[in-house]
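Student: Every position in the sequence shown, counted from 1, becomes a number in this note's numbering once 419 is added.
Encoded as structure tokens, here's the structure I'll be asking about.
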Amino acid sequence: MTAALPSTLTSTRSRWLRVLLTWHRRLAVAACIAVLAWSISGLLHPLMGALQPKPAVFTPPSTAISLQQPLLAPAQLALNGTEPITALRLLSLNQRPYYQVRSANHARYFDALTGQEHDLLAKHAEQLAQHYLASQEPLKYVGQQSRFDNEYVFINRLLPVARVDTARSDGLRVYVDVFNDRLASLIDTPKALYSQAFKLLHNFAPLNGLGLVRELIMGLLLLSCLCATALGLGLFFTRRAVARHARQGHRRWHAWCGLGIALSTLAFASTGLWHLVHKKAGTPLPAQYVMQLDWQHAQPPSQTWLLPSEQLLSAALLEAGGQHAWALRVQSSQGISTRWHALDGRPLPEHTGANLGALWAQHYAKALGLKAAIKQDWQTQFSHEYGFIFKRLPVWASSYGDTRSTTLYIDPSDATLAARIQGADRFEGFAFAYLHKAQWLEVFGKLGKDILLSLFALANALLAASGLWLFAQRQRRKA
420 MTAALPSTLT STRSRWLRVL LTWHRRLAVA ACIAVLAWSI SGLLHPLMGA LQPKPAVFTP
480 PSTAISLQQP LLAPAQLALN GTEPITALRL LSLNQRPYYQ VRSANHARYF DALTGQEHDL
540 LAKHAEQLAQ HYLASQEPLK YVGQQSRFDN EYVFINRLLP VARVDTARSD GLRVYVDVFN
600 DRLASLIDTP KALYSQAFKL LHNFAPLNGL GLVRELIMGL LLLSCLCATA LGLGLFFTRR
660 AVARHARQGH RRWHAWCGLG IALSTLAFAS TGLWHLVHKK AGTPLPAQYV MQLDWQHAQP
720 PSQTWLLPSE QLLSAALLEA GGQHAWALRV QSSQGISTRW HALDGRPLPE HTGANLGALW
780 AQHYAKALGL KAAIKQDWQT QFSHEYGFIF KRLPVWASSY GDTRSTTLYI DPSDATLAAR
840 IQGADRFEGF AFAYLHKAQW LEVFGKLGKD ILLSLFALAN ALLAASGLWL FAQRQRRKA
């Protein structure tokens, strides 16, 4: 009776091991192709970052506007049409002052001295591209883009943008935001090819037309990867499993390599699954705040608005909750700063910008069902919460005491809600940054981090390939 007990335990353990091994094989085979695709795209990511084109200049142009001659008021411009004006600013083009008017997302340019309209969109876009490239090479304006596409993707954030092409051998394209003089993106042929390969392998882009089915397929593959890894660990730490199934050279290599990178596999797969579910569960942002500009009563900026040592770089007419102000970007010996003036030119206090930001935040908070803000301030640098991915700086940050601890980030240049961050976003963002993108490896520097991440990705690819080889060998033996 007692002699049979060890035999029974051995038999039970063997049955469980067979079950573990069977399901490990099934789930791993289902996930292997996806793991190979994700690992290869993981290898591409640091390569894309290292080889992508970089601007020669990172800040907007700072060309002074001549105020030697009195400017016309906006009401004196040769405006026509019924489209409402949603943005108006003064800038310098070809050493001459112009008003840029935004109407139905189109840019129109009016000479601030004569009031006549000129077709300067192409010239403005090309000058911005030359500025960011620090080059006077010939450029060609291609057109304005109001939606994201296969090349200019959502991660670039800014819309609308103007595309300018160079004549370089690498086919460099420059995307610029003509309404705020910002660089949106630089894309050459190698970057475009890398991006297409990354979207194909990492995001399963060919399945985009399937909608929810794509997310379901990716989710099941990620779940298979997690379960296969967990079962593999269970097999490894069962001594009889190691003795029986990892005795041979290739099996032993597969088992030990799997143990060595199991944490990275679990980290990549779990945060990838979380990211997928979190993005799908997100709610859209409220509609863009549309400024109701009282441009008919706005006086033109003049030299009397400035101190003797100051130069005017640009002036934008802003509105929030019925309050209007000229935002003057001025340069002095102390650097570039913003000055505020009323429509009639009266100086306004420095906190005018904060007042406008608070009113824009109030508009978005009402649309989201939020109550009064508990903390508001300017943010002039990217942070862990509001990262570089959001593109826009400075922003007005407005925090609320709701159950989700919502913070709204608003771009003061056009009142765009740049981001809405809530508690779930913070947790998911932290996990994705540190476990998927491995930001904790930045202690080794960017190059060190890229090398280590690439090694982990390569190890996962080799492990998946070895697993497929073992499975194929088993199928041949069975045949």
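Each residue gets a CB set at the ideal place from its N, CA and C atoms; glycine is no exception.
Since we're looking at a predicted model, the values are computed, not measured.
Going by beta-carbon coordinates alone, are Pro516 and Leu547 separated by less than 8 Å?
Tutor: no
Student: By how many angstroms is the C-alpha of Gln795 removed from the C-alpha of Ala777?
Tutor: 8 Å
Student: Report the option in His550, Ala541 and Ala492 whose CA atom is closest to the CA atom of Gly562.
Tutor: Ala541
Student: Would you call the region 700-714 and the region 505-516 touching, i.e. three or more CB-CB distances under 8 Å?
Tutor: yes
Student: Give, in chain order, every unbroken run of the alpha helix (DSSP H) that is at least 4 residues long and sits entirely within the region 596-677.
Tutor: 608-621, 631-655 and 658-664
Student: In angstroms, rounded to a whole number, what distance separates the CA positions of Ala735 and Leu509?
Tutor: 6 Å
Student: Please classify Asp844: does DSSP put it in a helix, a strand, or coil?
Tutor: helix
Student: At least one CB of chain D closer than 8 Å to the CB of Glu634: is that the case?
Tutor: Absence of chain D from the displayed structure is noted, only one protein chain being present.
Student: For Trp693, I'd like the list of residues in its chain whose CB is within less than 8 Å of its CB, leaving aside the five on either flank, ordered along the chain.
Tutor: Cβ within range, chain order: Glu847, Ala850 and Phe851.
Student: Evaluate Met479 with the Cβ neighbour count: other Cβ atoms within 10 Å of its Cβ, from every protein chain shown; 16 or more gives buried, anything less gives exposed.
Tutor: Correcting the residue identity first, residue 479 is Pro in this sequence and not Met. With 16 or more other Cβ atoms within 10 Å, it is buried.
Student: For Gly864, count neighbouring Cβ atoms within 10 angstroms of its own Cβ and tell me buried if that reaches 16, exposed if not.
Tutor: exposed
Student: To the nearest angstrom, how far is it from the Cα of Pro831 to the Cα of Leu612?
Tutor: Their backbone Cα atoms lie some 35 Å apart in a straight line.
Student: Would you kindly check if the distance between the Cβ of Pro579 and the Cβ of Gln564 is under 8 Å?
Tutor: Yes, the Cβ-Cβ distance between Gln564 and Pro579 is below 8 Å.
Student: Put Arg434 into one of helix, strand or coil per three-state DSSP.
Tutor: helix
Student: For Ser817, I'd like the list of residues in its chain whose CB is within less than 6 Å of its CB, leaving aside the five on either flank, ordered along the chain.
Tutor: Ala780, Ala792, Gln795 and Leu827
Student: Would you report the Cα separation of Leu619 and His803, rounded to the nearest angstrom?
Tutor: 28 Å
Student: Which residues does DSSP list as the beta-bridge partners of Gly590?
Tutor: Gly590 pairs with nothing; no bridge assigned.
Student: Lys916 lies in the beta strand (DSSP E); which residues open and close that run?
Tutor: In the structure displayed, the chain extends from 420 to 898; residue 916 sits before or after that span and is not available.
Student: Ignoring anything shorter than 3 residues or poking outside the region 683-756, list the beta strand (DSSP E) runs there in chain order.
Tutor: When DSSP assignments are scanned along the region 683-756, the uninterrupted stretches of beta strand (DSSP E) that are 3 or more residues long and fall wholly within it turn out to be 730-739 and 742-751.
Student: Would you mind stating whether Asn774 and Gln742 have Cβ atoms separated by less than 8 Å?
Tutor: yes
Student: Assign Gly867 to buried or exposed, taking buried as 16 or more other Cβ atoms, counted over all protein chains shown, within 10 Å of its Cβ.
Tutor: exposed
Student: Check the C-beta distance from Ala523 over to Pro719 and give it rounded, since I have them as a contact under 8 Å.
Tutor: In fact, because the Cβ distance is near 24 Å, the residues do not count as touching under 8 Å.
Student: Can you list, in chain order, the residues of its chain whose CB lies under 6 Å from that of Glu545, leaving out five sequence neighbours each side?
Tutor: Leu558, Tyr560 and Val583
Student: Identify every residue that forms a DSSP beta bridge with Arg515.
Tutor: Leu512
Student: What does DSSP give as the partner residues of Trp815 in its beta bridges?
Tutor: Trp797 and Ile829
Student: Alpha carbon to alpha carbon, how far is Val862 from Ala469? Give it in angstroms, no decimals.
Tutor: Between Ala469 and Val862, the C-alpha separation is close to 18 Å.
Student: Kindly indicate the opening and closing residues of the alpha helix (DSSP H) around Lys542.
Tutor: Here the alpha helix (DSSP H) through Lys542 covers Leu540 to Leu552.
Student: Counting only the same chain and skipping the five closest in sequence on each side, list residues whose C-beta sits under 7 Å from that of Arg845.
Tutor: Glu804
Student: Output the distance between the C-alpha atoms of Leu539 and Ala453, rounded to the nearest integer angstrom.
Tutor: 49 Å
Student: Using DSSP with H/G/I as helix, E/B as strand and the rest coil, what is Arg527?
Tutor: strand
Student: Are Ala744 and Trp724 close, meaning C-beta to C-beta below 8 Å?
Tutor: no
Student: Which word fits Phe687, buried or exposed, when buried means at least 16 other C-beta atoms lie within 10 angstroms of its C-beta?
Tutor: buried
Student: CA-CA distance, Met420 and Ser433?
Tutor: With a pLDDT of only 43 at Met420, under the threshold of 50, the placement of this residue in the model should not be trusted, and no figure is reported.
Student: Which whole-angstrom value is the C-beta distance of Trp672 and Ser885, which I expect to be below 8 Å?
Tutor: 7 Å
Student: Just to confirm my understanding: we take Ala456, look at its own chain, exclude 5 residues before and 5 after, and list those with CB closer than 6 Å. What are they?
Tutor: Leu620
Student: For Ala450, which of helix, strand or coil comes out of DSSP?
Tutor: helix
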